[in-house]
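Please read the structure below before turning to the comments.
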């Protein structure tokens with residue numbers, strides 16, 4: 002299952018444009034008792050010899066298969082690039098209209114690179130690291146701007162992002178959330194509706210119809226919207242975790258770990274930006 006929206010379709014390793022883990026299942030016995038499994042003998046999208054679902058994952062025929070270490074290393078490289086870009090932007094760019102324009106330009110470039118990677122059938126480390134670098138510049142500038150008005154807000158946002166990520170991983174590993182096709186469809190539909198509403202709100206604000214940011218105001222309504230956005234980020238983290246889990250179990254090619262890093266980075270950036278706004282709103286209300 003793969004969203005038609007390129008922002009959301011970045012997730013998924015399966016070769017037939019499906020969503021690994023939703024059209025098939027990676028682990029032995031997963032379909033038994035699973036009400037969402039349509040075909041308990043669906044094919045492993047990475048199986049070279051037609052290994053069927055229901056049997057334990059076979060040992061990789063080569064060593065060129067994705068492992069958790071690969072995901073950790075690629076994610077560290079990508080997030081590290083974001084962090085370096087953010088630190089350099091914070092240190093070298095003063096809070097001015099020019100730096101704000103640079104932040105907007107960097108965000109646009111990062112978005113374009115992310116879209117190109119989303120439409121590519123194979124991961125491109127250069128595109129992913131390029132996205133991370135420009136995203137880092139954007140985050141560094143806006144973090145400095147928030148810090149100049151709400152001292153300590155970026156640090157609190159980082160702690161909040163780490164807390165949300167850790168809590169989501171704990172809930173996922175404990176089995177309290179089961180990532181199924183229905184779960185993904187509902188969550189992606191809500192996320193797309195949220196994006197449409199935010200786009201409309203932006204237009205209303207730009208044309209002066211909505212005042213003080215509209216739904217994104219620094220008040221109770223803005224706080225509620227921010228909380229919803231963070232919950233959507235946590236939802237996407239569960240999809241990322243499922244994607245990684247299935248890719249490893251199926252023996253996905255090693256370079257697919259770049260997609261896992263890409264997905265995790267986009268999700269964590271989303272959560273951080275929303276957490277930064279939320280911290281600012283609560284600080285303003287104080």
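In my numbering, the protein residues as written are 2 to 287. All C-beta atoms in this analysis are idealised placements derived from N, C-alpha and C, irrespective of residue type, glycine included. Here the structure is a predicted model, which means the values were calculated and not measured.
On the premise that residue j lies in contact with residue i, defined as a C-beta separation below 8 angstroms, what is that separation, rounded to the nearest angstrom?
| i | j | result |
| --- | --- | --- |
| residue 139 | residue 92 | The pair is not a contact, with the Cβ atoms about 15 angstroms apart (cut-off 8 angstroms). |
| residue 280 | residue 167 | So it is not a contact: roughly 18 angstroms between Cβ atoms. |
| residue 265 | residue 241 | 5 angstroms |
| residue 224 | residue 143 | Actually they are not in contact, since the Cβ atoms of residue 224 and residue 143 sit about 18 angstroms apart, beyond 8 angstroms. |
| residue 231 | residue 165 | 6 angstroms |
| residue 141 | residue 190 | Not quite, the Cβ-Cβ distance comes to about 33 angstroms (not below 8 angstroms), so this is no contact. |
| residue 69 | residue 254 | No, residue 69 and residue 254 are not in contact; Cβ-Cβ is about 15 angstroms, not under 8 angstroms. |
| residue 74 | residue 146 | That pair is no contact at about 32 angstroms. |
| residue 115 | residue 132 | 5 angstroms |
| residue 233 | residue 192 | 5 angstroms |
| residue 249 | residue 195 | Their Cβ separation, rounded to whole angstroms, is 30 angstroms, which puts residue 249 and residue 195 out of contact at 8 angstroms. |
Please tell me whether residue i and residue j are closer than 8 angstroms, where the distance is taken between their beta carbons.
| i | j | result |
| --- | --- | --- |
| residue 130 | residue 181 | no |
| residue 169 | residue 127 | no |
| residue 84 | residue 137 | yes |
| residue 113 | residue 245 | no |
| residue 275 | residue 227 | yes |
| residue 263 | residue 157 | no |
Would you decide whether residue i is buried or exposed? Buried here means 16 or more other CB atoms lie within 10 Å of its CB.
| i | result |
| --- | --- |
| residue 60 | Unreliable positioning characterises residue 60 in this predicted model, as indicated by a pLDDT of 45, which lies under 50. A coordinate reading is not provided. |
| residue 252 | buried |
| residue 261 | buried |
| residue 285 | exposed |
| residue 1 | Since the displayed the chain opens at 2 and closes at 287, residue 1 lies outside it and no answer follows. |
| residue 102 | exposed |
| residue 272 | buried |
| residue 124 | buried |
| residue 270 | buried |
| residue 77 | exposed |
| residue 183 | exposed |
Looking only at DSSP bridge pairs, what is residue i linked to?
| i | result |
| --- | --- |
| residue 254 | 66 |
Sort the options by Cα distance to residue i and report the nearest one.
| i | options | result |
| --- | --- | --- |
| residue 176 | 239, 100, 74, 233 | 239 |
| residue 277 | 208, 188, 219, 257 | 219 |
| residue 267 | 135, 69, 65, 71 | 135 |
| residue 122 | 256, 205, 237 | 256 |
| residue 172 | 94, 250, 243 | 243 |
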